[in-house]
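Under my numbering, the first residue of the sequence shown is numbered 9, with each subsequent residue one higher.
C-beta atoms are modelled at their ideal positions from N, C-alpha and C, and glycine is treated no differently.
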Amino acid sequence: MIQITDTAQAKIQDLLQQQNRGDLALRMQIIGRGPGGFRYTLSFVPESDRAEEDQMLAFEGFNVYIDAASAPKLSGATVDFEENAFQGGFTIDNPNPAWDDPTAQSIQEFIDSQINPGVGAHGG
């Protein structure tokens, strides 16, 4: 399914310890897509929030929940944590294409580059 690097696992475990709760899991979800690929969300949720259709992956010290709609699009993805002098964050290297239809991708790119800036300039 997905891989989580040792660095990312250590960071997740550290963040879970900071929450000071023992009943949390990591939820990983695709929340949309844009010209640059998928957009993701990673969040801690109570373990009781696991839906029946969620895929659960067990890692040392934590579980990951992936909703049924996101699971096939995350197959083969690798989660890592990268840090430099200015910032740090999780990265997701996903081999799956965000767009199956080139027409839909072109329309989204047009909306993002032509429509949305104009709407934003007028206050939405």
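Residue from the options with nearest C-alpha to residue i
| i | options | result |
| --- | --- | --- |
| T13 | R29, T99, R58 and E61 | T99 |
| F70 | P105, A79, G30 and Q122 | G30 |
| P105 | E60, A33, G44 and I74 | G44 |
| V53 | D88, V72, Q63 and L65 | V72 |
| A33 | S56, Q11, A16 and P103 | S56 |
Own chain partners of residue i with C-beta closer than 6 Å, once the 5 adjacent residues on each side are dropped
| i | result |
| --- | --- |
| T49 | Q37 and I39 |
| D101 | T86 |
| F94 | none |
| Q21 | G69 |
Proximal residues to residue i (C-beta, below 8 Å), its chain only, five neighbours per side dropped
| i | result |
| --- | --- |
| R47 | I38, I39, G40 and R41 |
| I10 | M36, L65, V72, I74, L82, S83, G84, A85, T86 and V87 |
Per-residue DSSP class, three states only, for residue i
| i | result |
| --- | --- |
| D22 | helix |
| T111 | helix |
| P125 | helix |
| S78 | coil |
| E91 | strand |
| A33 | strand |
| D101 | strand |
In DSSP terms, what residue i is bridged to
| i | result |
| --- | --- |
| R41 | F46 |
Contacting residues, own chain, Cβ-Cβ under 7 Å from residue i (five flanking each side not counted)
| i | result |
| --- | --- |
| T15 | D88 and F89 |
Closer than 6 Å: residue i CB and nearest the ligand GTP heavy atom
| i | result |
| --- | --- |
| G84 | With respect to the ligand GTP, the structure offers nothing, as it holds no ligand at all. |
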